[in-house]
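Below you'll find the structure, written out as structure tokens, and then a few comments.
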Amino acid sequence: MNDKVKYWLEIAEYDLDTAKAMLSTERYLYVGFMCHQVVEKSIKAVIASLGEFPPKIHELSILADKAGIADKISQQQTIFIAKLTPLNIEARYPRYKQQISATLTETSCKLLINETEGFYKWIKTYLNQGENLHPKSEKN
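Residues in the sequence shown are numbered consecutively from 1, following the numbering used here.
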């Protein structure tokens with residue numbers, strides 16, 4: 001695994017730890033944001049593994065497509081990515097943050113963290129075992 005891939009995975013893992021810390025302090029909006037960051041950076045690790053510089057975008061489905069994994073992730077992972085996309089709240093307006101915050105609870109954030117951790121582990125396995133890890137026929 002090259003240094004650029006390791007870099008993206010290491011900061012994704014750091015963000016996962018941060019999401020867990022935000023959960024323990026009941027900062028649910030930032031749990032969602034950090035989970036988005038974990039998935040974004042994990043996908044960018046795949047792009048880096050292709051020898052490309054990851055684009056400076058945050059749209060997870062576009063990144064998955066650019067990484068060549070959009071057709072390899074499960075239907076559940078696709079739904080999860082769609083659920084995470086609006087949680088990239090860093091530059092959002094306060095009213096939008098309030099609307100998103102209202103949807104996040106301790107229970108929903110625990111689920112987000114579990115799904116995020118699962119996706120992160122899947123990406124690491126994918127990178128370690130190569131692209132034939134999940135053939136399209138086993139996708140669903």
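Glycine included, C-beta positions come from ideal geometry on N, C-alpha and C.
Quantities reported herein were computed from a predicted structural model and do not represent experimental measurements.
First through last residue of the alpha helix (DSSP H) which encompasses serine 24
3-24
Given a cut-off of 8 Å on the beta-carbon distance, is the pair leucine 63 and lysine 44 in contact?
yes
Report the rounded CA-to-CA distance for leucine 214 versus glutamine 75, giving the unit in angstroms.
The chain is shown from 1 up to 140; residue 214 falls before or after that span and cannot be answered.
Short of 6 Å in beta carbon distance, which residues of its chain neighbour threonine 173, apart from the five on each side in sequence? Order them along the chain.
A query on residue 173 cannot be resolved here, the shown segment of the chain reaching from 1 to 140 and no further.
Leucine 50 - DSSP class collapsed to helix/strand/coil
coil
Kindly give me the distance between the Cβ atoms of valine 38 and leucine 16, rounded to whole angstroms, as I take these residues to be in contact under 8 Å.
5 Å
Buried versus exposed, by CB contacts within 10 Å (16 or more), methionine 1:
exposed
What's the call for glutamine 99, buried or exposed, on a 16-neighbour Cβ count within 10 Å?
exposed
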